[in-house]
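Data block below; observations after.
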Amino acid sequence: ETFKYDIPGLQTDIAFHFEAVNISIDTQTVFLVRTINDLPFPEPQWTSSLCFGELCFPPDLDSVATTIAQNPPIAPNDTLYASVHVFPQSGIGTANIQVQIGTFAHPDDRTTLDFIATTDPSVSVNEEINLNDYLLAQNYPNPFNPSTKIEYRVKEAGFVSLEVYNILGVKVATPINDYKPAGKYIVDFVADDLASGVYLYKLSVNNFTQTRKMILEK
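Under our numbering, the sequence shown has 104 at position 109, and the numbering climbs by one with no breaks.
Structure, rendered in structure tokens:
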């Protein structure tokens, strides 16, 4: 699942709550791994934390498990309440967090959850991402100088073209021009050689095309 929050200003934290129910007949030790922690970097830096119930772990801890007294293994039919908290310390930006949840009994059988938290009032809460479809996401940060991240998702393998145009329709860059398998990708686009202004970036893959606008401010 992916959730996008529209926060029209700075908040103490942005929280994403989820739960895991033990439907087996055995007690399960559950682990949570943060596999993507893509945060904006104003001063001071944004942080994110993994939490079990009311207990939140230090921001630099990428994996936690129900192996401690405060969070014992999960009995049959019991529920583990977990969450990810993003702390936007300052500035306008967007955070991309991915976590995987699984059990020690079957460590390779994991569920992946993607979360997007934003303090950008221009981002619509209705832009929820469907993981089973193609998508070109809004770049972040935006405006940017000189680099920004562009996320896109490919439903089926195909030849992917990501092109950047100036406001006159002249192509000025091609960050991606390659065959890609299905999945989610994040491109670091650096505009050192471009002048300040409005640019359009277009994703083309299979029969899908989508264009978005970004602003370079130097």
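Note that beta-carbon positions come from the ideal geometry of N, C-alpha and C, so glycine has one too.
**OP:** Report yes if the CB atom of Pro67 is closer than 8 Å to the CB atom of Ser19, and no otherwise.
**Re:** The residue labelled residue 67 in the question sits at position 72 within the sequence shown. The residue labelled residue 19 in the question sits at position 24 within the sequence shown. Against a cut-off of 8 Å, the Cβ pair of Ser19 and Pro67 comes out as no contact.
Original post:
Where does Lys213 sit, in a helix, a strand or coil, going by DSSP?
Top reply: On the sequence shown, residue 213 is found 218 positions in, with the first residue counted as 1. In this structure, Lys213 counts as coil in the three-state DSSP scheme.
**OP:** Could you tell me whether the Cβ atoms of Glu146 and Lys197 are closer together than 8 Å?
**Re:** For this step, residue 146 is matched to residue 151 along the sequence shown. For this step, residue 197 is matched to residue 202 along the sequence shown. Cβ distance not < 8 Å, so Glu146 and Lys197 don't count as in contact.
**OP:** Just the C-alpha distance for Ala112 and Asp33, rounded to the nearest angstrom, thanks.
**Re:** Stepping through the sequence shown from its first residue, residue 112 is reached at position 117. Stepping through the sequence shown from its first residue, residue 33 is reached at position 38. Between Ala112 and Asp33, the C-alpha separation is close to 10 Å.
Original post:
Just how far apart, CA to CA, sit Leu163 and Cys46?
Top reply: The sequence position of residue 163 within the sequence shown is 168, counting from 1. The sequence position of residue 46 within the sequence shown is 51, counting from 1. Here the alpha carbon of Leu163 sits roughly 48 Å from the alpha carbon of Cys46.
Original post:
Once you ignore the five residues that flank Phe82 on each side, which residues in its own chain have a CB closer than 6 Å to its CB?
Top reply: For this step, residue 82 is matched to residue 87 along the sequence shown. Excluding positions up to five away in sequence, the list reads Asp8 and Thr42.
Subject >> Runs of beta strand (DSSP E) lying entirely within the region 150 to 193, each at least 3 residues, in chain order >> reply: 153 to 161, 166 to 175 and 178 to 185
Subject >> Bridge-paired residues (DSSP) for Phe139 >> reply: As a position in the sequence shown, residue 139 is number 144, starting the count at 1. Note: Phe139 sits in a beta bridge opposite Leu211.
**OP:** Name the residue from Val193, Thr30 and Leu130 whose alpha carbon lies nearest to the alpha carbon of Val59.
**Re:** The residue labelled residue 59 in the question sits at position 64 within the sequence shown. It is Thr30 whose Cα lies nearest to the Cα of Val59.
Subject >> Residue interval of the beta strand (DSSP E) (run including Ile31) >> reply: What you label residue 31 is simply residue 36 of the sequence shown in a count that begins at 1. Residues Val25 to Asp33.
Original post:
Using DSSP with H/G/I as helix, E/B as strand and the rest coil, what is Tyr76?
Top reply: Here residue 76 is taken as the residue at index 81 of the sequence shown, counted from 1. Tyr76: strand per DSSP, three-state reduction.
Original post:
So which of Gly192, Ile181, Glu49 and Ala15 has the shortest CA-CA distance to Pro141?
Top reply: Here residue 141 refers to the residue found at position 146 when the sequence shown is read from its first residue. The shortest Cα separation from Pro141 among Gly192, Ile181, Glu49 and Ala15 belongs to Gly192.
**OP:** State the Cα-Cα distance for the pair Arg148 and Ile63, rounded to the nearest angstrom.
**Re:** Counting from one through the sequence shown, the residue named residue 148 turns up at place 153. Counting from one through the sequence shown, the residue named residue 63 turns up at place 68. Roughly 37 Å between the two C-alpha positions.
Original post:
What are the boundary residues of the beta strand (DSSP E) that Cys95 is part of?
Top reply: Residue mapping note: residue 95 aligns to position 100 of the sequence shown, counting from 1. The question names Cys, but residue 95 is Gln in the sequence shown. In the DSSP annotation of this structure, the continuous segment of the beta strand (DSSP E) that includes Gln95 starts and ends at Thr89 to Thr98.
**OP:** Out of Thr98, Phe139 and Phe11, point me to the one whose CA is closest to Lys208's CA.
**Re:** By 1-based counting over the sequence shown, the position of residue 208 is 213. Out of Thr98, Phe139 and Phe11, Phe139 has the C-alpha closest to the C-alpha of Lys208.
Original post:
Could you give the C-beta distance for Lys232 and Asp173, rounded to a whole number, given that I count them as a contact under 8 Å?
Top reply: As displayed, the chain neither begins before -4 nor continues past 213, which places residue 232 out of reach and without an answer.
Subject >> Residues that Ala15 bridges to, as DSSP identifies them >> reply: Sequence index remark: in the sequence shown, residue 15 carries index 20 (1-based). DSSP output for Ala15 lists Leu75 as bridge partner(s).
Original post:
Going by C-alpha distance, which of Leu56, Asp57 and Ile69 is nearest Ala15?
Top reply: Walking along the sequence shown from the start, residue 15 turns up at place 20. Taking only the C-alpha atoms, the option nearest Ala15 is Ile69.
Subject >> Chain-order list of residues whose beta-carbon lies under 6 Å from that of Asn17 (same chain, five-residue window excluded) >> reply: To locate residue 17, count along the sequence shown from 1; it is residue 22. The residues are Gln23, Ile69, Pro71 and Asp73.
Subject >> Bridge partner(s) assigned by DSSP for Arg148 >> reply: Residue 148 sits at position 153 when you count from the first residue of the sequence shown. Note: Arg148 sits in a beta bridge opposite Leu130 and Lys179.
Original post:
The beta strand (DSSP E) spanning Leu229 covers which residue range?
Top reply: No answer is possible for residue 229: it lies beyond the span of the chain, which begins at -4 and ends at 213.
Original post:
Is the CB-CB distance between Thr98 and Val25 below 8 Å?
Top reply: What you label residue 98 is simply residue 103 of the sequence shown in a count that begins at 1. What you label residue 25 is simply residue 30 of the sequence shown in a count that begins at 1. Yes, they are a contact pair.
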